[in-house]
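Working notes, beginning with the structure itself.
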Amino acid sequence: DQQVKQNSPSLSVQEGRISILNCDYTNSMFDYFLWYKKYPAEGPTFLISISSIKDKNEDGRFTVFLNKSAKHLSLHIVPSQPGDSAVYFCAASGNSDSWGKLQFGAGTQVVVTP
Amino acid sequence: DVKVTQSSRYLVKRTGEKVFLECVQDMDHENMFWYRQDPGLGLRLIYFSYDVKMKEKGDIPEGYSVSREKKERFSLILESASTNQTSMYLCASSPPGTPPYEQYFGPGTRLTVT
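Just so you know, the sequences run in chain order A and B.
Per the working numbering: the first sequence = residues 51 to 164.
Per the working numbering: the second sequence = residues 2 to 115.
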């Protein structure tokens, strides 16, 4: 059973507008959440993370919001650019797991149109 | 810059063949991981290793084995390839389990089993 879920397989957004990607999780022991970006024929690259003790983390155009009570996080990309077209994976890790294993969601394909 | 390399970008094998996928990292990371990526399923952990000669099963280890004889190298072995093992295989590495548990990925190997 997937512990991290991304229920939107795809998202289309106009260049310059905001992209909002959503992620839900079921395991309350998760204490870190990460977003990865993946282009075709390349490995995923780390984008941004958030600790469970925070509710927001910002890095340039990317902001991640965490709502622990709802077990929900979202990634905002503002403004969206054509180079943001990629698959985005949400991932989570728990402090009980010292090996740093990550549980990944199924991914959301983002297409930014001119 | 962390570099994770995988021996092949594309591989075509026949059913029943023994397949070796090699992964090398140059950052002296203790942890190494093998995932497979399938549409709609995201990244699923096959095996991971936290030290030389140490290995742990991930979520989907059936049909696979691994070898880690040197710290920088982690091999995934398909003992007898089957068509349902056609997938994108991704290797990753990370330092010991410290937040935010960022993993560094290789470019992936697209394996087709016919």
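Note that beta-carbon positions come from the ideal geometry of N, C-alpha and C, so glycine has one too.
**Q.** Stretch pair the segment 76-85 of chain B + the segment 14-25 of chain B: three plus CB contacts closer than 8 Å
**A.** yes
Q | Neighbour-count burial assignment, Ala91(A), 16 or more Cβ in a 10 Å radius | A | exposed
(Q) Residues in the same chain with beta-carbon distance under 6 Å from Lys14(B), minus the five sequence neighbours each way, listed in chain order, please. (A) Val20, Ala82, Val114
Q. Are Leu152(A) and Ala136(A) close, meaning C-beta to C-beta below 9 Å?
A. no
Q.
Is it buried or exposed, Asn57(A), if we count other Cβ atoms within 10 angstroms and call 16 or more buried?
A. exposed
Q | Segment contact flag, the segment 62-82 of chain A with the segment 124-132 of chain A, C-beta cutoff 8 Å, min 3 pairs | A | yes
Q: Compare the C-beta of Phe75(B) against all C-beta atoms of chain A and say whether one is closer than 9 Å.
A: no
Q) Who are Ser60(A)'s beta bridge partners in DSSP? A) Gln159(A)
Q.
I need the straight-line Cα distance from Tyr36(B) to Leu116(A), nearest angstrom please.
A. 26 Å
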